[in-house]
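Trainee:
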Amino acid sequence: MKLRGIYADASTGKKLLIVLLVFAIMFLVTVMALTVITILTGSGQEDRTIMLTGVVLQNLLLFILSPLICVFFISAPGEDMLKTRRFPSLSEFLLCLLTMIVMTPAMNLLVMWNQSMHLPEALSGLEEWMRQQEDMAEETTRILLDAKSIGALLLLIFIVGFLTGVGEEFTFRGIIQNLIAGKRRNAHAAVWITAIIFSAVHLQFYGFIPRLAIGAFLGYLLVWSRSIWLPVFAHFVNNSLAVISSYIVANGYCSDKIDTIGTSQDGTLWMAAASAVAFAACATQLYHISKEAQTPPQP
256 MKLRGIYADA STGKKLLIVL LVFAIMFLVT VMALTVITIL TGSGQEDRTI
306 MLTGVVLQNL LLFILSPLIC VFFISAPGED MLKTRRFPSL SEFLLCLLTM
356 IVMTPAMNLL VMWNQSMHLP EALSGLEEWM RQQEDMAEET TRILLDAKSI
406 GALLLLIFIV GFLTGVGEEF TFRGIIQNLI AGKRRNAHAA VWITAIIFSA
456 VHLQFYGFIP RLAIGAFLGY LLVWSRSIWL PVFAHFVNNS LAVISSYIVA
506 NGYCSDKIDT IGTSQDGTLW MAAASAVAFA ACATQLYHIS KEAQTPPQP
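Per our numbering, the sequence shown starts with residue 256, numbered consecutively.
#1: Put PRO375 into one of helix, strand or coil per three-state DSSP.
#2: Classify PHE472 as helix, strand or coil using the three-state DSSP reduction.
#3: Using the three-state DSSP reduction, which class does ALA442 fall into: helix, strand or coil?
#4: Whose C-beta lies closer than 7 Å to the C-beta of LEU307 among residues of the same chain, with five residues either side of it excluded?
#5: Given a cut-off of 7 Å, decide if GLU393 and SER545 are closer than it, judged by their beta-carbon atoms.
#6: Is LYS270 helix, strand or coil by DSSP?
#7: From this set, GLN459, ALA538, PHE463 and SER530, which residue's C-alpha is nearest PRO486's C-alpha?
#8: Taking ALA531 and ALA361 to be in contact with their CB atoms under 8 Å, please state how far apart those CB atoms are, rounded to whole angstroms.
#9: Could you give the DSSP three-state label for PHE327: helix, strand or coil?
#10: Among THR285, TRP479, ILE435 and LYS403, which residue has its Cα nearest to the Cα of TYR508?
#11: Using the Cα positions of SER500 and LEU295, report the straight-line distance between them to the nearest angstrom.
#12: Just to confirm the assignment: which complete alpha helix (DSSP H) runs, minimum length 4, are found wholly within the stretch 281 to 325?
#13: Please go through the same chain and pick out, in chain order, the residues whose beta-carbon is closer than 7 Å to the beta-carbon of ILE448, but skip the five residues on each side of it.
#14: Can you find the residues in the same chain that come closer than 7 Å, C-beta to C-beta, to GLU389, ignoring five residues on each side of it along the sequence?
#15: Is the stretch 321 to 340 touching the stretch 269 to 280, taking contact as three or more C-beta pairs under 8 Å?
#16: Tell me whether LEU485 sits in a helix, a strand or coil according to DSSP, three-state version.
#17: The alpha helix (DSSP H) that contains ALA533, what's its start and end?
#18: In whole angstroms, what is the alpha-carbon distance linking ILE261 and ILE430?
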């Protein structure tokens with residue numbers, strides 16, 4: 256019996272169940288692998304090397320291998336489910352890079368606004384728990400991004416930028432967004448539902464809205480370009496900028512005010528407005544360039 260594409264004709268609901276099953280199994284495999292490594296090395300879970308190993312295993316097993324397994328079972332032979340076949344043009348990559356850079360002040364403002372939100376008094380217990388989760392996530396991120404040398408910086412860019420970019424885009428945009436879009440190809444609903452899931456699974460509630468916005472943009476990059484490699488590149492740039500920013504601040508090359516550019520706290524609120532306008536202009540141009548790149552030349 257052929258296993259390749261065995262569920263290609265299944266309903267969207269059944270395919271989603273298969274995806275959940277594959278990811279659940281691979282999650283357990285990832286946890287067991289990390290547990291074995293932790294025991295063999297005698298390291299604690301808060302050890303930075305173990306944390307980095309966990310990120311690598313999570314990306315390779317859960318976010319890269321799982322989508323490939325899903326594609327094997329739920330896509331028809333020859334189907335480009337992950338949208339890996341088309342490689343964007345150089346102009347698409349360059350404009351995508353510019354777009355990710357110019358959006359930074361606007362995103363800083365969105366982050367600060369999200370962090371200042373409060374739940375009603377009746378939900379104070381929930382808010383306290385959410386704050387604790389956020390503090391734990393920030394501390395974990397601080398430990399992970401603690402690079403003292405160029406070599407360590409490059410390693411972080413590879414792990415946090417490249418591996419995470421490939422893995423999360425294969426999973427969220429490649430598998431989940433395409434399945435939600437379904438045969439009706441309801442692109443807008445698929446983009447935003449996937450962005451909500453993408454932001455929620457990070458369990459960083461005071462970064463939910465900025466991550467939702469980035470997730471939606473990544474989703475539209477896939478829709479416009481019909482290539483997973485453009486959102487992968489954008490994700491890589493976004494994460495790498497965070498890694499580099501952390502490095503230059505931690506090592507005294509720049510003030511720690513870099514994350515407040517575009518906010519009232521830094522007195523540069525006008526930059527957030529300019530950033531939003533520049534982002535809209537770049538994104539619009541990127542949309543047109545992507546469409547033109549896919550249009551066959553006239554004879």
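The beta-carbon is built from N, C-alpha and C at its ideal position, and this holds for glycine as well.
None of these values were measured; they are calculated from a predicted model.
Mentor: Well, looking at it:
#1: Here residue 375 refers to the residue found at position 120 of the sequence shown. In the structure shown, PRO375 adopts coil according to DSSP, grouped into three states.
#2: Sequence index remark: in the sequence shown, residue 472 carries index 217 (1-based). Reduced to three states, the DSSP call for PHE472 is helix.
#3: Taking the sequence shown and counting its residues from 1, one reaches residue 442 at position 187. ALA442 falls in the helix class under three-state DSSP.
#4: Mapped onto the sequence shown, residue 307 falls at position 52. Counting only Cβ-Cβ distances below 7 Å, and skipping sequence neighbours, we find LEU399 and ILE414.
#5: As a working note, residue 545 is residue 290 in the sequence shown. As a working note, residue 393 is residue 138 in the sequence shown. Not a contact, by the Cβ cut-off of 7 Å.
#6: Taking the sequence shown and counting its residues from 1, the one referred to as residue 270 is at position 15. The answer is helix: DSSP assigns LYS270 an H, G or I state.
#7: Counting from one through the sequence shown, the residue named residue 486 turns up at place 231. The option with the nearest alpha carbon to PRO486 is ALA538.
#8: Locating residue 531 in the sequence shown gives position 276, where the first residue counts as 1. Locating residue 361 in the sequence shown gives position 106, where the first residue counts as 1. Contact holds; Cβ gap of about 5 Å.
#9: Reading the sequence shown from its first residue, position 72 is the one you call residue 327. In the structure shown, PHE327 sits in a helix (DSSP, three-state: H, G or I).
#10: For the purposes of this step, residue 508 is taken as the residue at position 253 of the sequence shown. When only C-alpha atoms are compared, the closest one is LYS403.
#11: As a working note, residue 500 is residue 245 in the sequence shown. As a working note, residue 295 is residue 40 in the sequence shown. Approximately 34 Å, taken between the alpha carbons.
#12: For the stretch 281 to 325, the continuous alpha helix (DSSP H) assignments of 4+ residues that do not extend past its boundaries occur at 303 to 312, in sequence order.
#13: One-based indexing of the sequence shown puts residue 448 at position 193. Take ILE448, set aside five residues on each side of it, and the residues of its chain with a beta-carbon closer than 7 Å to its own are ILE435, in chain order.
#14: For the purposes of this step, residue 389 is taken as the residue at position 134 of the sequence shown. Cβ neighbours of GLU389 beyond the five flanking positions: GLN459, PHE460 and TYR461.
#15: yes
#16: For the purposes of this step, residue 485 is taken as the residue at position 230 of the sequence shown. If DSSP states are grouped into helix, strand and coil, LEU485 belongs with the helices.
#17: Taking the sequence shown and counting its residues from 1, the one referred to as residue 533 is at position 278. Note, ALA533: alpha helix (DSSP H), 524 to 549.
#18: Working through the sequence shown from its first residue, we reach residue 261 at position 6. Working through the sequence shown from its first residue, we reach residue 430 at position 175. Rounded to whole angstroms, ILE261 to ILE430 spans 17 Å at the Cα level.
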